[in-house]
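Shown next, in C-alpha cells, is the structure this report addresses.
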Amino acid sequence: MEVHKGSYMDEVQQYVDARWICAPEELWKIFRFTLYRLYPSVERLQIHLPNRHQVRFYDHQQIADVLNNERNSKTMLTQFFALNLRDPQARKYLYREIQELYCWNKRGMEWHRRRSTRKVIGRIYTVSPSEGDKFYLRLLLSHVTGPTSWEYLLTNNGMTFSTFKKSAEDREFLETDHSIRDCLVEATSLRMPYALRRFFVTILIFCEPTDVKGLWNEFFTHMVEDYQTTNNAVESDLTNMLLKDLNELLNLHGKKIDDYDLPSLPPNTIDRGAVPSIIQEELAIDIPNEDIESIAKLNNDKMIAFNTIMNVIVQKHSGAFFVDGPGGTGKTFLYRTLMASLRSRGEIVLATASSGIAATLLPMVGLHTLDLRSLLIFNRVPFVQQCSIWWKSSDHGGDFRQVLPVVRKGTKAQMISACIVQSHLWNHTKILHLRQNMRSLHDQEFAEFLIRIGDGVEPTKPDDMVRLPLHIAIPWEGEHSIQVLIQHIFPNLELHGWDAPYMVQRAILTPTNDDVQKLNDMIIDQFPGEEHNLLSFDEVEGDNHNLYQQEFLKSIAQESSFLCD
Numbered sequence: 001m002e003v004h005k006g007s008y009m010d011e012v013q014q015y016v017d018a019r020w021i022c023a024p025e026e027l028w029k030i031f032r033f034t035l036y037r038l039y040p041s042v043e044r045l046q047i048h049l050p051n052r053h054q055v056r057f058y059d060h061q062q063i064a065d066v067l068n069n070e071r072n073s074k075t076m077l078t079q080f081f082a083l084n085l086r087d088p089q090a091r092k093y094l095y096r097e098i099q100e101l102y103c104w105n106k107r108g109m110e111w112h113r114r115r116s117t118r119k120v121i122g123r124i125y126t127v128s129p130s131e132g133d134k135f136y137l138r139l140l141l142s143h144v145t146g147p148t149s150w151e152y153l154l155t156n157n158g159m160t161f162s163t164f165k166k167s168a169e170d171r172e173f174l175e176t177d178h179s180i181r182d183c184l185v186e187a188t189s190l191r192m193p194y195a196l197r198r199f200f201v202t203i204l205i206f207c208e209p210t211d212v213k214g215l216w217n218e219f220f221t222h223m224v225e226d227y228q229t230t231n232n233a234v235e236s237d238l239t240n241m242l243l244k245d246l247n248e249l250l251n252l253h254g255k256k257i258d259d260y261d262l263p264s265l266p267p268n269t270i271d272r273g274a275v276p277s278i279i280q281e282e283l284a285i286d287i288p289n290e291d292i293e294s295i296a297k298l299n300n301d302k303m304i305a306f307n308t309i310m311n312v313i314v315q316k317h318s319g320a321f322f323v324d325g326p327g328g329t330g331k332t333f334l335y336r337t338l339m340a341s342l343r344s345r346g347e348i349v350l351a352t353a354s355s356g357i358a359a360t361l362l363p364m365v366g367l368h369t370l371d372l373r374s375l376l377i378f379n380r381v382p383f384v385q386q387c388s389i390w391w392k393s394s395d396h397g398g399d400f401r402q403v404l405p406v407v408r409k410g411t412k413a414q415m416i417s418a419c420i421v422q423s424h425l426w427n428h429t430k431i432l433h434l435r436q437n438m439r440s441l442h443d444q445e446f447a448e449f450l451i452r453i454g455d456g457v458e459p460t461k462p463d464d465m466v467r468l469p470l471h472i473a474i475p476w477e478g479e480h481s482i483q484v485l486i487q488h489i490f491p492n493l494e495l496h497g498w499d500a501p502y503m504v505q506r507a508i509l510t511p512t513n514d515d516v517q518k519l520n521d522m523i524i525d526q527f528p529g530e531e532h533n534l535l536s537f538d539e540v541e542g543d544n545h546n547l548y549q550q551e552f553l554k555s556i557a558q559e560s561s562f563l564c565d
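Residue numbering for the sequence shown follows UniProt numbering, starting at 1 and increasing by one per position.
Rendered as C-alpha cells:
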C-alpha cells in the first residue's frame, strides 16, 4: 500500500522544463517524425497474491473508504479471472497470452477485445523464488489456461490445496523425485543389480534428488540382490558391501558417500586385497552372441584391421590405431567385434565416444581404471579437440570428412589446429582404412557420390551448394513438397505409428533445428490417438540468481527437447 502526499515534486517535469533542445531536434518534433519505436509492443502484466495487490491513495482519505472502493479491488489479474468467467474464448489462453486478443482499459479497469491487429506481447513481472508462494503463482499462471479464480489455481483433480506451491507440485510443474523414482522402478525390472548401482550413482551425481535417503530405503533390496546369491550375509553386511561399491563408483567422479544423505561407510569395510567391484562388474559383462559370431561376417578391410589390432594385444605389445572410414563402412561393427572377442578372453575393454548417439551404439561403456584395461576404443575422435587419451593399445576411429572439432568462436585455422592430426602422437598412430560402404552395398553409385562430396571433389555451385541426382531428390513445388517427402519416408504412418521396426528404419535429417521442429510438428499431427503434453525442467548452468524465466528458456529450441514443453 502506497500513500501519496497532497503535493509532491514532479522530477520528470522539472527535467523536461530544464532540458535544452537544439534546432534540428525541434524541427524533427515540429514535423512529428517518429522519435522511437518498439515493435512488437510489450505490455507488462501485474501479479500478486490474493488481497496483496498495491493500492494507492492520498493521506487525507479514510482507510475504510479506500477498502470499500470497488475499483481498488480490481487488478489486471483479478479481471483476467472475471474475463474467463464471462468469455469462453478467453479460456484458451494463458495469462501472458491474453494480450494477443484483449487489451487492458485502465480507466474502466476491464479487459476488452482488441480492435486493432497490431501485435502485442504480454510479459508477467519477474518474481524471485525467494518471494515464496508468489513465485509458484506465477508458475501456475504460466501453464494453466483459463483460470477463473484463485481457488481454480489452488485446485487440481478435485483436491484443493492450501498453497500455490502444493498445487504446482501436484500438477508436476516442480522438479521432484517422482520421475527419478519411476526410472528406478523401471530399471529394477530390466537391469541387473550391478547396473542398478551404477544408475543410482548417476542419479546422485547428475540429478540432485531431494530425498536420497528415501530412494536408498526403497531400492536397497534391488541393489544387493546379487550379494545375497553369493553371500549368506545379514543386512548390516549387505549395507556395508553396497556402501563400499557405491563409494568406489562415486570416487570416479570425485565424490564420496559422505557427500550424500546415506549411511556412513565404516572404515573396516574397505578390503585392500579384494578385487574392486568395478573390475568384477567389467569381467561379468554379458557378451551378445551375435557380436561373437560377427568375426565371420567381416569383409576384407575389417578383417585386416581386426587381425592387426588383435595381434598387438595378444602379443602384449602397445599400439595406437586409427580406423578411417566414411559413414556406413562398418566402424561400429568392427568395434563391437573387437570388444566381444577380447571380453570373451577375459580382457577388459573401455569403449567411449565423443557424442551420446555414438556411445549408444557401443555395448557396456565402462571401466575407468586404465592400468587394467587391454584396449581403449574411442569412436568419432575427429570431433574432439586434440585427444590426449593414448594408452597401451588404443583404437581411435572416425571420419575426417564430417564435422571438425568445435572451437567456441574459433577461426577456421583454430579448428584445424584442434584436430587430432595436429597432436604430437599422431605420427605414432597406424591408420587402418575401411573403404566398402555397407549401407549402400547395392547402390555403389550413391556410395561413390558420398565419397566425392567428403573428399571435396564433387562439382559445386556458388556457396558450396551440391546438385543432387534427380532420382534421389523431390522437386520443390511449394509447401506441399514437404508432405510429399513425409509420405515418401513414412508411408501409411497412421497405420504404423506404434510399429517400432517401421519407425527405427526411417528418419529425416535436416540442416537446422527449426526444420526439425517444423517436421516433427507435421509428422506428430498424423499420429493417431490423444496428444500428451510433457513438461521439461529447464535451467541455465551457473544461474544462481534466477535471471532467466522458464517461459524464456522454453522458447529456446534445443535438439533434445523438441517433443516436450
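Glycine residues also receive a C-beta, built at the ideal position from the N, C-alpha and C atoms.
Every value quoted in this text rests on a predicted model; they were computed, and no experiment measured them.
Where the beta strand (DSSP E) containing H112 begins and where it ends: 110–113
Taking the beta strand (DSSP E) that N105 belongs to, which residues open and close that run? 102–105
Helix, strand or coil for I121? Go by DSSP, reduced to three states. strand
Buried or exposed: where does W498 fall if 16 or more other Cβ atoms within 10 Å of its Cβ makes it buried? The Cβ neighbour count for W498, taken over all protein chains shown within 10 Å, is under 16; the residue is labelled exposed.
For the alpha helix (DSSP H) holding S167, just list the boundary residues, first then last. Per DSSP, the unbroken alpha helix (DSSP H) holding S167 starts and ends at 164–170.
Three or more C-beta pairs below 8 Å linking the region 460–476 and the region 327–335: At 8 Å Cβ cutoff, the stretches do not touch.
Please name the residue or residues paired with K461 in a DSSP beta bridge. M465
Anyone know if the C-beta pair for L350 and I313 falls short of 8 Å? In this structure, L350 lies away from I313, with their beta-carbon atoms at least 8 Å apart.
Is the beta carbon of Q99 sitting closer than 8 Å to the one on V127? Against a cut-off of 8 Å, the Cβ pair of V127 and Q99 comes out as no contact.
Assuming G44 is part of the beta strand (DSSP E), what are its boundary residues? One detail in the question is off: residue 44 reads as Arg in this sequence, not Gly. Where R44 is concerned, the enclosing beta strand (DSSP E) stretches over 41–45.
Does the Cβ-Cβ distance between L432 and D324 come in under 8 Å? yes
Can you tell which of E97, T202, Y260, L468 has the C-alpha that lies nearest to the C-alpha of F449? L468
Is it right to say V151 is buried, meaning 16 or more other beta carbons lie within 10 angstroms of its own, or is it exposed? The question names Val, but residue 151 is Glu in the sequence shown. With fewer than 16 Cβ atoms within 10 Å of its Cβ, E151 is classed as exposed.
Name the two residues that bound the continuous alpha helix (DSSP H) containing A305. 300–314
How many angstroms separate the CA atom of E11 from the CA atom of V212? 56 Å
Can you pull the DSSP bridge partners for M76? BP columns for M76 are empty, so no partner.
Tell me the DSSP secondary structure of A447 in three-state form. helix
Rounded C-alpha distance that separates E530 from V42: Cα-Cα distance, rounded: 35 Å.
Are the CB atoms of I292 and S236 within a distance shorter than 8 Å? No, Cβ-Cβ distance for S236 and I292 is not below 8 Å.
Considering K412, what are the terminal residues of the alpha helix (DSSP H) in which it resides? Segment 412–417, the alpha helix (DSSP H) holding K412.
Going straight from the alpha carbon of T221 to that of L238, what length do you get? 9 Å
Cβ-Cβ separation, I474 to V466 (assumed contact under 8 Å), whole Å: No, V466 and I474 are not in contact; Cβ-Cβ is about 16 Å, not under 8 Å.
Cβ pair L140, L94 closer than 8 Å: no
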